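Numbering (the working numbering), first residue to last: 345 to 695. Ideal Cβ placement from N, Cα and C applies to all residues, glycine included. Treat the numbers as computed from the prediction; the structure is a model and nothing was measured.
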């Protein structure tokens, strides 16, 4: 007998294969995030004119008559004051009994995305975000030249407070960390994409694009070059993926003429999330192929065909608990179809 009560669904991600429990209860507007007891922001060293308060500049877009580590910049990449890996180490892998070790070689940079004190990336103009994307690609391509590095992860932790409550700086910035290994979670996605390609001779992400374009229920927005949607097995409410419509494995190969198209859709997606959920904390993570300097037998032989870079934006509306940690299965109370519809209805500001 049909009781009229919607039942939860288990949905399988078509790329890696993780499972998510999706609530199928429809037409429920999400609870807005209401920050509580936010500490006052401390003095910001990232604003223009305070360059002496940060570490040295490794790259910047700046006025032609300005000098490194001085005012006159638009976007600035600097070394982290508390790097998790050391640029000065030499690559060395060794064993200690049954345990494998490696020297902590790598680099950790901050990309300060504007000279004025803006808390959120989407508050910048499209041309300003285009400059940020230009710096992202420049740093990726520069780090690829260092033969010690195999992978670089670009990410943003917006509104996520760690450490002391008195150590809060709300100046929009991202982080870029290069490592001497390809992380396990990255490998899982790469191998899954390769396996899909071997079975079907098609890129799994291109197939997703085709199906989501035809279906339309999870589409958030699109332009001529990029497609933004809420994934079928979204692990967090209002999670959005942004994919280039043209197949490409490496973010560093993004063509200059596409910077503004990516800036436009990124601004709109972040603005919609901020307006819909009252500026929630979120993670933005770039998924891209590892560095490859030479062709190898096996996996790297097909990566240009089977992998497809994308940006993942995941609002943090709930904390993982025992069930998530114990099973690896996430619980998402907002079906992605509902999330996409609500996001489509939110007006984004003009570029």
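| said: Please return the same chain residues whose Cβ sits closer than 6 Å to the Cβ of residue 596, not counting the five positions on each side in sequence. | reply: Your numbering for residue 596 matches position 252 in the chain shown. Contacts found: 481, 484 and 485.
| Unbroken stretches of the beta strand (DSSP E), 3 residues or longer, contained in the stretch 454-509 | Within the stretch 454-509, the runs of beta strand (DSSP E) at least 3 residues long that lie entirely inside it are, in chain order, 495-502.
| task | Would you check if the stretch 563-573 and the stretch 678-687 touch, i.e. whether three or more CB-CB distances between them fall below 8 Å? | result | yes
| message | Tell me which residues share the same chain as residue 422 and place their Cβ nearer than 6 Å to its Cβ, disregarding the 5 neighbours each side in the sequence. | response | To locate residue 422, count along the chain shown from 1; it is residue 78. Once the five neighbours on either side are set aside, the close Cβ partners of residue 422 are 398, 399, 401 and 454.
| task | May I ask which residues mark the beginning and end of the alpha helix (DSSP H) holding residue 659? | result | On the chain shown, residue 659 is found 315 positions in, with the first residue counted as 1. Counting along the chain, residue 659 falls outside any alpha helix (DSSP H), though it belongs to the beta strand (DSSP E) covering 654-659.
| query | Near residue 479, which residues of its chain fall below 7 Å by C-beta distance, leaving aside the five closest residues on each side in sequence? | reply | Along the chain shown, read from residue 1 onward, the residue named residue 479 stands at position 135. Hits under 7 Å: 403, 405, 419, 421 and 455.
| Mapping DSSP to helix, strand and coil, what is residue 530? | By one-based count along the chain shown, residue 530 stands at place 186. Residue 530: helix per DSSP, three-state reduction.
| Cβ-based burial, residue 500 [other Cβ within 10 Å; buried from 16] | As a working note, residue 500 is residue 156 in the chain shown. The residue is buried, with at least 16 neighbouring Cβ atoms inside 10 Å.
| message | Cutting at 8 Å between CB atoms, please list the residues of its own chain near residue 471, excluding the five before and the five after it. | response | One-based indexing of the chain shown puts residue 471 at position 127. The answer, listed in chain order, is 604 and 607.
| Rounded Cβ spacing between residue 624 and residue 660 (contact assumed at less than 8 Å) | Locating residue 624 in the chain shown gives position 280, counting from the first residue. Locating residue 660 in the chain shown gives position 316, counting from the first residue. Indeed, because the Cβ distance is near 7 Å, the residues count as touching under 8 Å.
| Own chain residues within Cβ distance below 6 Å of residue 633, not counting five before or after | The residue labelled residue 633 in the question sits at position 289 within the chain shown. So the list reads 593, 594, 647 and 651, once near-sequence residues are dropped.
| field | Of the residues 602, 656, 591 and 590, the one placed nearest residue 613, counting alpha carbons only | value | Position 269 of the chain shown holds residue 613. For residue 613, the nearest C-alpha among the options comes from 656.
| query | Exposed or buried, residue 348, counting other C-beta atoms within 10 Å across all chains shown (16 or more means buried)? | reply | By one-based count along the chain shown, residue 348 stands at place 4. Low confidence applies to residue 348: its pLDDT is 44, below 50, so where it sits in the model is not reliable, and the reading given next is rough at best. Under this definition residue 348 is an exposed residue.
| said: For the beta strand (DSSP E) containing residue 449, name the first residue and the last one. | reply: The residue given as residue 449 occupies position 105 in the chain shown. Counting along the chain, residue 449 falls outside any beta strand (DSSP E), and DSSP gives it neither H nor E.
| What number of angstroms, rounded off, separates the C-alpha of residue 571 from the C-alpha of residue 556? | Taking the first residue of the chain shown as 1, we reach residue 571 at position 227. Taking the first residue of the chain shown as 1, we reach residue 556 at position 212. If I take the Cα positions, the gap works out to 9 Å.
| said: Taking 8 Å as the threshold (C-beta atoms), are residue 452 and residue 473 in contact? | reply: By 1-based counting over the chain shown, the position of residue 473 is 129. By 1-based counting over the chain shown, the position of residue 452 is 108. Not in contact: residue 473 and residue 452 (Cβ atoms no closer than 8 Å).
| So what's residue 662 in DSSP terms, helix, strand or just coil? | Locating residue 662 in the chain shown gives position 318, where the first residue counts as 1. Coil at residue 662, not helix or strand.
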